[in-house]
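Number of protein chains: 2
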Amino acid sequence: MTSRAEGAAVGDCRGERPLRRDAERNRQRILHAATEVFTQRGLDATLDDVARQAGVGVGTVYRRFPDKETLVAELFQDRIDAMVAVAEQACAAPDPWQALISYLEHAAASMAGDLGLRQLMMFATYGKDRVAYAREQMRPVVSKLVERAQAEGTLRQDFRPTDIPLIVFMLASAGEYAGSVQPDIWRRYLGLIIDGMRAARGGPSELPVPALSPGEIEQSMRAHGQRSSARRLKEMHVHSRFPADRASWRACALEKRNIGAIDRN
Amino acid sequence: MTSRAEGAAVGDCRGERPLRRDAERNRQRILHAATEVFTQRGLDATLDDVARQAGVGVGTVYRRFPDKETLVAELFQDRIDAMVAVAEQACAAPDPWQALISYLEHAAASMAGDLGLRQLMMFATYGKDRVAYAREQMRPVVSKLVERAQAEGTLRQDFRPTDIPLIVFMLASAGEYAGSVQPDIWRRYLGLIIDGMRAARGGPSELPVPALSPGEIEQSMRAHGQRSSARRLKEMHVHSRFPADRASWRACALEKRNIGAIDRN
DNA sequence: CACGAAGCGGAGATACCGCCTCCGCTGCGG
DNA sequence: CCGCAGCGGAGGCGGTATCTCCGCTTCGTG
């Protein structure tokens, strides 16, 4: 998780003295906690969450990092760079088809396993400039991956470079959805999509991951009911103090004007 | 949009008198507005939004519908039923492969074009019971669709019925993401996935929709930056009144502890 | 027409939540 | 041992969503 260098942490701001030992220890704890929290729960986790996870007070977090945005930027900078690096490495592979597949797999793996990175890369809030820059760097590389595979004849001709980010997005969505139950499920659908990307084939290749069971799908739904994505849907808490006979009125209103003829439960 | 019966609206709650004419008109306006708002912006739209769209005050909405949950339940009941009906109709088709494809297409079309329905079906908040019931009804039908196509030999053998909801979910995700720019883009990826689902084939079929341009992807990102899904990410507003020299401290903190070695902008 | 009642609007009460600050206390290290 | 860097976390602030309340409007009936 924490791929960041520990040694570089004794940084300097205009050559100021280093942090006190306990302070530096806390700083590392915060970095570690922030990585975990933002990766697992996404960028809408609060700095209070990070502080709790780190076992420190919020004040400590804010003393070290001026605000949430800065912390996020610092945490994700190298992960964004890694996305570009992965594309370039893939491009260096000799086999065009393998190169493309490998890139898809690495990109999807990064995004599916990291909700924060996914939000950063796909939604233009927060680190706009950094992400835009990374995207700009990736574009020609991805185009080359696609063109090479098409020139080779393995990739269907109507495939386009812009299909890549959307495919990755879809896979990451599936990964996020079922992540709590089967974090690797996206690989199954990558397999399916890859078979759809081939210019020609006899039979399907083997799907790498078994499908979810109905119960697992149920679990995924429930997992989403609680936090994150569908967060706002918890809006069903009852503010009212039930002044008179509100409950009965509800039942009445529900019965009345009932149009969808189906029996309710 | 409003497929609901207008005539049934003169309902009765213990045989009470019907609404005054203007009141009934407003009720219809609210229903219509709610359909539009929840469909387009999702279930996290507020009843104030609905009221504004309907051209009435919030009070009027709350006089007609005891709370948001009730309104949502009433609005989406028949759309949920429709999901089941679509599965059953598809099952009635003679050609097993066509039946399966047709179901996928209809299901994806419903969910991709209706953010509210998608949230309702995929996230277990809100209309739990209703949705669970619908799901339960659909399951055997979907299984049958899959089994028939596999028996026929057109569908790959390692495909599973539970792959269907996840594929639909992925397509709907793509549809939501790029919906403001190219609402039909999910059809392109359905085409890709369908080709991947075949037991065997010579060459790829034709993808039904052109890929997005890089600019369109950019637009999609931006569209999400504003509202809905990435709503919470707007947390970058600065509450502080910049007490002293906060800005400069920020710059310092950013430089200091800088680990991801890349140049910033 | 006139008048009672049904209906309306929307400001605002109430409740939450997330970011960030402030200040009295703690404990490090010279 | 003592000064000061560092700490914790209650709470200020701003924002937002749900739902209420009450003075005014409009309907429709006698």
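Chains A and B, in that order, are what the protein sequence lines are. In case it helps, my numbering puts the first sequence at residues 39 to 303. In case it helps, my numbering puts the second sequence at residues 39 to 303. Ideal Cβ placement from N, Cα and C applies to all residues, glycine included.
* What does Y215/A reach in chain B if we use C-beta pairs closer than 8 Å? -> M160, L204 and F207
* Asked: Quick one, which of R226/B, L183/B and S218/B has its alpha-carbon nearest Q78/B's?
  -> S218/B
* Asked: Looking at chain A, which residues of the region 239-260 of chain B have a Cβ within less than 9 Å of any of its Cβ atoms?
  -> R239, G240, G241, P242, E244, L245, P248, A249, L250, S251, P252, E254, I255, E256, S258, M259 and R260
* To do: Would you check if the region 126-144 of chain B and the region 180-193 of chain B touch, i.e. whether three or more CB-CB distances between them fall below 8 Å?
  => yes
* Euclidean distance between Cα positions of A89/B and R65/B -> 11 Å
* **Exposure of Q115/A, with buried meaning 16 or more beta-carbon neighbours within 10 Å** => buried
* **Where the alpha helix (DSSP H) through E190/A begins and ends** => K166 to E190
* Asked: Can the beta-carbon of L230/A be found closer than 9 Å to that of M235/B?
  -> yes
* Exposed or buried, what is R156/B when buried is set at 16 or more other beta-carbons lying within 10 Å of its beta-carbon? -> buried
* **Alpha-carbon to alpha-carbon, F103/B and G191/B** => 51 Å
* Taking any Cβ of chain B, which residues in the region 178-198 of chain A have a Cβ under 7 Å from it, in chain order? -> R194, D196 and R198
* To do: Please determine, among C129/A, V124/A, A83/A and A130/A, the residue with the shortest C-alpha to C-alpha distance to E107/A.
  => A83/A
* Quick one, which of A147/A, T73/A and D86/A has its alpha-carbon nearest E112/A's? -> T73/A
* Asked: Closest Cβ-Cβ distance between R58/B and chain A: below 9 Å?
  -> no
* Have a look at E256/A, R260/A, P246/A and G253/A and flag the residue whose alpha-carbon is nearest the alpha-carbon of E143/A. => P246/A
* Identity of the residue in Q220/A, L228/A and Q195/A nearest P203/A by Cα -> L228/A
* Residue-chain proximity (L142/A, chain B), Cβ-Cβ < 9 Å -> no
* Leaving out the 5 sequence neighbours to the left and right, which residues in its chain are closer than 7 Å to S181/B when beta-carbon positions are compared? -> P199
* To do: Compare the C-beta of T77/A with all C-beta atoms of chain B and state if any pair is closer than 9 Å.
  => no
* Asked: Just reading off the alpha helix (DSSP H) that T98/B is part of, what are its end residues?
  -> V96 to R102
* To do: Measuring only between beta-carbons, confirm whether H262/A sits less than 9 Å from chain B.
  => yes
* Exposed unless 16 or more other CB atoms sit within 10 angstroms - verdict on Q220/B -> buried
* Buried or exposed for D86/A, please, with buried defined as at least 16 other CB atoms from any protein chain shown within 10 angstroms of its CB. => exposed
* To do: Give the C-beta separation of A238/B and G240/A to the nearest angstrom, bearing in mind that I take them to be a contact with Cβ-Cβ under 8 Å.
  => 6 Å
* **Start and end residues, alpha helix (DSSP H) containing Q127/A** => K106 to A130
* Asked: Any Cβ of chain B within less than 9 Å of the Cβ of D87/A?
  -> no
* Using CA coordinates, which residue listed in A216/B, D105/B and Y171/B is at the minimum distance from E254/B? -> A216/B
* Asked: Quick one: which chain A residues come within Cβ less than 7 Å of L230/B?
  -> I231, G234 and M235
* **Exposed unless 16 or more other CB atoms sit within 10 angstroms - verdict on G357/A** => There is simply no residue 357/A to check, as chain A begins at 39 and stops at 303 in what is shown.
* **Cross-chain neighbours of T200/B in chain A, by beta carbon under 7 Å** => A249, L250, S251, P252 and I255
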